[in-house]
Amino acid sequence: MGKPAAPARLRLPPLSHSFTLDFVVNFQYGRDAARFQKDLADRFRKFGLELAEEKTRVMRFGRFVRSDLDDQAEADGERDQDAGL
8 MGKPAAPARL
18 RLPPLSHSFT
28 LDFVVNFQYG
38 RDAARFQKDL
48 ADRFRKFGLE
58 LAEEKTRVMR
68 FGRFVRSDLD
78 DQAEADGERD
88 QDAGL
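Here the sequence shown is numbered in the working numbering, starting from 8 and rising by one per residue.
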């Protein structure tokens, strides 16, 4: 008995367009997130890939984000008033 015939393979042209890989990475500290983003972009470049800047972002999360942002807005407002703006 011989080997079964190999199935006919489709001859497809090489892909010349982008692909999408979505993922979420969490860090406790913002500096770690910034370092990861830079290192990831460097690593991608080694393989001829790039991050889509319009889709890549660092987002704060957690139970204190809203109060931290409110406190920051208040501090910025006070600074603006002090500067006469």
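Heads up, the beta-carbon is just placed ideally off N, CA and C, and yes, glycines get one too.
Proximity of residue i and residue j at Cβ, strictly below 8 Å
i	j	result
Val65	Gly37	yes
Phe34	Phe43	yes
Burial state of residue i, where buried means 16 or more other Cβ atoms lie within 10 Å
i	result
Gly91	At Gly91 the pLDDT is 46, less than 50, meaning the model places this residue with poor confidence; the figure from the coordinates comes in the next sentence. Under this definition Gly91 is an exposed residue.
Under 8 Å: do the segment 41-53 and the segment 67-76 share three or more Cβ pairs, one atom per stretch? no
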